[in-house]
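In the UniProt record's numbering, the protein residues as written are 1 to 227.
Okay, structure coming up:
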């Protein structure tokens, strides 16, 4: 029996350089990553314009854009639609849609036109068992060195939690600046985890040595108060 020919799906992994691309967007042409040097980027895809789940997501992201920018982070959206469809949809959002108290929402971050699926394929956003014509709900968090630091995937049917995406960004920025880890459900201001010791001697010293603001639950699990 002859096997079906299926296109090989690939995607960048955490720690990889984010794929480079140039694209036409609702905010003009962008050249990634050159246009975003020194900034964090959240690149996210959505299945299609004029769909209800995507509309709630875009309204929520747009209402939080200033919060992300204050964290040195820019948003970039993408779907396999034309620039004209993007513009018409974003205008409809601003002029007609009110959701959870949000209205007159203007989407100011760029939305990529990707009719040929060039960018979507580079990032593994097309997953044939879900759809061959729509991008799944992918989220890539990319650091100021254009390295992929986190990847989230959602099915076509379910919207993303933007508060969690922001929380994850804050946690990664905290880890980078202070060389610490963050525990489950960590929120800014909560205690952070000190990296595990690299030797038996260090582990013993850590348990015996008392430092203000630091405490251990066991030799491998030590915390300190958040700065």
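Beta carbons: idealized from backbone N, C-alpha and C, even for Gly. Note that the structure is predicted; figures quoted are calculated from it, not measured.
{"Check": "Looking only at C-alpha atoms, which of 205, 103, 41, 33 sits nearest to residue 55?", "Outcome": "103"}
{"Check": "State the start and end residues of the unbroken alpha helix (DSSP H) segment that holds residue 170.", "Outcome": "162 to 178"}
{"Check": "Throw me the rounded Cβ distance for the residue 136 and residue 125 pair, which I believe falls under 8 Å.", "Outcome": "6 Å"}
{"Check": "Looking only at its own chain, which residues have a Cβ that is under 6 Å from the Cβ of residue 159, when we skip the five neighbours before and after it?", "Outcome": "53, 56, 57"}
{"Check": "What are the uninterrupted segments assigned as alpha helix (DSSP H) that are 4 or more residues long and contained completely in the segment 102 to 165, given in chain order?", "Outcome": "118 to 122"}
{"Check": "Determine, using beta-carbon pairs with one atom in the segment 137 to 153 and one in the segment 89 to 102, whether at least three such pairs fall under 8 Å.", "Outcome": "no"}
{"Check": "Can you tell me whether DSSP reads residue 221 as helix, strand or coil?", "Outcome": "strand"}
{"Check": "For residue 62, report the span of its alpha helix (DSSP H) as first-last.", "Outcome": "52 to 63"}
{"Check": "Cα separation between residue 177 and residue 170?", "Outcome": "11 Å"}
{"Check": "Using the Cβ count rule (16 or more neighbours within 10 Å means buried), how would you classify residue 106?", "Outcome": "exposed"}
{"Check": "If I follow the unbroken alpha helix (DSSP H) through residue 96, where does it start and stop?", "Outcome": "83 to 96"}
{"Check": "Could you tell me which residues DSSP puts in a beta bridge with residue 190?", "Outcome": "For residue 190, which the question treats as bridged, DSSP gives no partner whatsoever."}
{"Check": "Return the CA-CA distance between residue 175 and residue 15, expressed in angstroms with no decimal places.", "Outcome": "15 Å"}
{"Check": "With a 10 Å radius around its C-beta and 16 neighbouring C-beta atoms as the bar for buried, classify residue 120 as buried or exposed.", "Outcome": "buried"}
{"Check": "Between residue 123 and residue 94, what straight-line distance do the alpha-carbon atoms span, to the nearest angstrom?", "Outcome": "29 Å"}
{"Check": "Based on the DSSP output, what are the partners of residue 18 in its beta bridges?", "Outcome": "Bridge partners of residue 18: none, in fact."}
{"Check": "With a cut-off of 9 Å, does the C-beta of residue 214 fall near any C-beta of chain B?", "Outcome": "Of the protein chains in the structure, only one exists, and it is not chain B."}
{"Check": "Distance, Cα to Cα, residue 4 vs residue 117?", "Outcome": "In this prediction, residue 4 has a pLDDT of 48, which is less than 50 and means its spatial position is unreliable; what the coordinates show is noted afterwards. Going from the Cα of residue 4 to the Cα of residue 117 covers about 22 Å."}
{"Check": "Pick from 13, 225, 218, 21: whose alpha carbon is nearest that of residue 114?", "Outcome": "21"}
{"Check": "Could you check the C-alpha separation between residue 210 and residue 184 for me, to the nearest Å?", "Outcome": "25 Å"}
{"Check": "Roughly how many angstroms lie between the CA atoms of residue 82 and residue 207, to the nearest whole one?", "Outcome": "60 Å"}
{"Check": "In its own chain, which residues sit with a C-beta less than 7 Å from the C-beta of residue 49, not counting the 5 before and 5 after it?", "Outcome": "79, 81, 85, 86, 89"}
{"Check": "Under 9 Å, do residue 109 and residue 62 count as touching if we go by C-beta distance?", "Outcome": "yes"}
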